[in-house]
Amino acid sequence: MSHEPHSSVVSGADVSGSPVGSVVIMLHSHLPFYRKAGMWPFGEENLYECMCETYLPLLNLFNELRAEGIPANITLGITPILAEQLADPHLKAGFIEYIETRLLAVRKDIAKYESQPTLPHAAHLLFLARYYETWFDNLLRDFCERYHQDVIGAFRALQDAGCIEITTSAATHGFLPLQGNDESITAQLKTGVESYKRHFGRAPKGVWLPECAYRPAWQIKDPESGETYVRPGIDMFLFQQNLEYFFTEYSALEGGESSDTRRVIGLYDFKVQYVPTHVPLAPTGLTTDEAYWMRDYPVAVMGRSHRASFQVWSATYGYPGDGLYREFHQKDVDSGMHYWRLTSKERGIGDKMLYDPLLAKAKAKEHAEHYVSLLAQLAKEKSAQKNNEHVLLLVSFDTELFGHWWFEGVEWFRGVIKGLDNHPDIRLSTGSDYLRCHPPKTAITLPESTWGQGGHYWVWQNQNTDWMWPIIHDAEDKMLALATQFEGETNPIRVRALNQAMRELFLLEASDWPFLVTTFQAKDYAIERFEGHVTRFQTLAKMLESGYVDEVVLHEIEAIDNAFPDADYRWFKKQPAPVAIPSALS
């Protein structure tokens, strides 16, 4: 089955002249909804740290490159729930307060080392404290004066200027394949698209599936009727929202580990329970060296190049593990400043050497040059294997790796982008530009897959999170019933309550909560957040069912969970019943 490329794909830098290949760098920016949900160690401060160390430094980098006449050509995913927080007045004010607090702390360090020069390493620590004072001061000035406290507007301006491409995602990063009804999937994606339009002034073209979680169309036999039905694949929902391309993990294309699922169903009520048994997928014959059309709907998919990503992601061999780079975990006990370098994996916390930003910057430049050479060599090898065809190298990373987790990562990006600019063999391209110049030639199907451990769903549904999914599915069914019952509602208070109920549903559906439970990174916090949204959803549902909405209670909930102010509960529309397959075809 063949498809014509979408005529609406944006035009940009023409990469078709590149003799070897195109590099698409996809940065996935996402944080859970932290607004008014704690400060530290989990809560708003996590957002402020990423704004300080990642989002603002990247904005500065992209604008500095633009001033040099170099478009960054990065594909930047900003999840809708992150965009909502970056645009929120409460969080903007909180960020300013956070920076001012950091400045006060580092100035105390400066005063200490100035007044006590005989302290161990006082001169070096004084140098670092002054370095951070300048760094924080510049960031505060950039946020307030250069970007007028409008980070989203600044990214929008870069996209409008053709320097970057911004993609969307599901509203709150809900794990779409395991959602209990199709109405939830539609509403998550519809809300994500509408939020994008409000923030960026245009419709999105690309989408990052939360956790790269995909499922194909399912054929399900109803145990009562014996009939076989089809529940559509995720690509159908993308097509319905006019989304043109998405990304997947390399194992979904090339083969690797997957897993079985068992489906617990009633008529038109297809839930999923997950069995975390590893099932190796045989080699498919496909590669990540090109984009593909999905077989059932004209949506393009690109797969992450494992070899091209390994040099950055690898805990053992990746660039961020170099001993000259800043140590993330060790902080000054009083000020919280990062004064140490990684040093080596053998040295524990408390036995690290002091950080040197000049040496680290030089190492980042060296690593950037190495990475550009690696990409060029990989592209040449892959092109030769494909009879000198133009090849794709897609690399995707969590944006917060750069600057937040890997402090020098933004400087590394500077070297990579500049090294790829007008490179003779490879060209950096956005997702849309690559597809415009090199439209897919082949239509495929994908298996159930994620970019999580083993390439399957286990991280999000397992023995530690099984209890969450019936609660999620019950809330989804309740929201569908409310949206159906009040489809023509005109009472403004009930409309507000219905819209807020949908927001609470989105927030309890976030994939962050089961992820944090599974990884034990913040298990108690994740459970508390999940149960809080469940309670608020149930409170709103009971008020609506009773016929009386307490406006005081409604206002209190709205004041906490205010994301997606334009969301409309009517987007949670009843979907057509799954299509029955004639028995001869099933």
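Residues in the sequence shown are numbered from 0 upward in steps of one, following numbering that gives the first Met the number 0. Idealized CB from N, CA, C, for every residue including glycine.
Inset, instruction - Give the C-beta separation of residue 51 and residue 98 to the nearest angstrom, bearing in mind that I take them to be a contact with Cβ-Cβ under 8 Å. - result: 7 Å
Inset, instruction - With DSSP as the reference, please indicate the residues paired to residue 394 in a beta bridge. - result: 24
Inset, instruction - Using a Cβ-Cβ cut-off of 8 Å, state whether residue 123 counts as contacting chain B. - result: No chain B appears in the structure shown, which is made up of a single protein chain.
Inset, instruction - To the nearest angstrom, report how far apart residue 507 and residue 571 are at their CA atoms. - result: 16 Å
Inset, instruction - At 4 residues or longer, and completely inside the segment 403–481: list those alpha helix (DSSP H) runs for me, N to C. - result: 408–419, 430–436
Inset, instruction - Would you mind sorting residue 575 into buried or exposed? The rule is 16 or more other CB atoms within 10 Å of its CB. - result: Label assigned to residue 575: exposed.
Inset, instruction - Could you tell me whether the Cβ atoms of residue 214 and residue 442 are closer together than 8 Å? - result: no
Inset, instruction - Starting from residue 152, trace the alpha helix (DSSP H) both ways and give me its first and last residue. - result: 150–159
Legend entry - First through last residue of the alpha helix (DSSP H) which encompasses residue 69: Element bounds for residue 69: n/a, residue is neither H nor E.
Legend entry - First and last residue of the uninterrupted alpha helix (DSSP H) at residue 517: 511–518
Legend entry - residue 170 in three-state terms, based on DSSP: coil
Legend entry - Nearest-angstrom Cα separation, counted from residue 329 out to residue 350: One C-alpha to the other measures close to 10 Å.
Legend entry - Assigned secondary structure, residue 227 (DSSP; H/G/I helix, E/B strand, else coil): Residue 227: strand per DSSP, three-state reduction.
Inset, instruction - Could you spell out the range, first to last residue, of the beta strand (DSSP E) harbouring residue 301? - result: 299–302
Inset, instruction - Less than 8 Å between the CB atoms is what I'm expecting for residue 175 and residue 233, so what's the real figure, rounded? - result: 6 Å
Legend entry - Residues of its chain near residue 14, where Cβ-Cβ distance is below 7 Å and the 5 sequence neighbours each way are ignored: Residue placement at residue 14 cannot be trusted, given a pLDDT of 41 that sits under 50; what the coordinates show is reported in the next sentence. 21, 426, 428, 432, 433, 436.
Legend entry - Candidates 121, 226, 562, 396, of which the one nearest residue 74 by Cα: 396
Inset, instruction - Pair every Cβ in the segment 503–517 with every Cβ in the segment 163–174, then say whether three or more of these pairs are closer than 8 Å. - result: yes
Legend entry - Within the segment 41–67, ranges of the alpha helix (DSSP H) (whole runs, at least 4 residues): 43–49, 55–66
Inset, instruction - Round the Cβ separation of residue 459 and residue 514 to the nearest angstrom and send it over; I've been treating them as touching at under 8 Å. - result: 6 Å
Legend entry - Same chain only: Cβ atoms within 7 Å of residue 153, ignoring 5 sequence neighbours per side: 58, 146
Legend entry - Residue span of the beta strand (DSSP E) that contains residue 206, given as start and end: 205–207
Inset, instruction - Give the DSSP bridge partners of residue 76, in chain order. - result: 27, 166
Legend entry - Neighbourhood of residue 519 by C-beta distance below 8 Å, restricted to the same chain and skipping five residues each side: Within the same chain, residue 519 has no close Cβ partners at all.
Legend entry - Contact check, residue 245 vs residue 205, beta carbons under 8 Å: yes
Legend entry - Rounded straight-line distance, which links the Cα of residue 18 to that of residue 47: 43 Å
Inset, instruction - Using DSSP bridges, identify the partner residues of residue 220. - result: 227
Inset, instruction - Please confirm whether residue 27 and residue 81 have their CB atoms less than 8 Å apart. - result: The answer is no: Cβ separation not under 8 Å.
Inset, instruction - Indicate the three-state DSSP secondary structure (helix, strand or coil) for residue 370 in the structure shown. - result: helix
Legend entry - CA-to-CA distance, residue 454 to residue 467, given in whole angstroms: 21 Å
Inset, instruction - Please classify residue 316: is it buried, with 16 or more other beta-carbons within 10 angstroms of its beta-carbon, or exposed? - result: Result: exposed.
Legend entry - Contact under 8 Å by Cβ, residue 392 with residue 299: no
Legend entry - For residue 340, the nearest candidate out of 334, 23, 332, 319 (CA to CA): 319
Inset, instruction - Compute the Euclidean distance between the alpha carbons of residue 302 and residue 290, then round it to the nearest angstrom. - result: 7 Å
Legend entry - Integer-rounded CB distance, given that residue 552 should sit under 8 Å from residue 474: No, residue 474 and residue 552 are not in contact; Cβ-Cβ is about 18 Å, not under 8 Å.
Inset, instruction - Mark residue 266 as exposed unless 16 or more other C-beta atoms lie within 10 angstroms of its C-beta, in which case mark it buried. - result: Unreliable placement is indicated for residue 266, whose pLDDT of 32 sits below 50; no coordinate value is reported for it.
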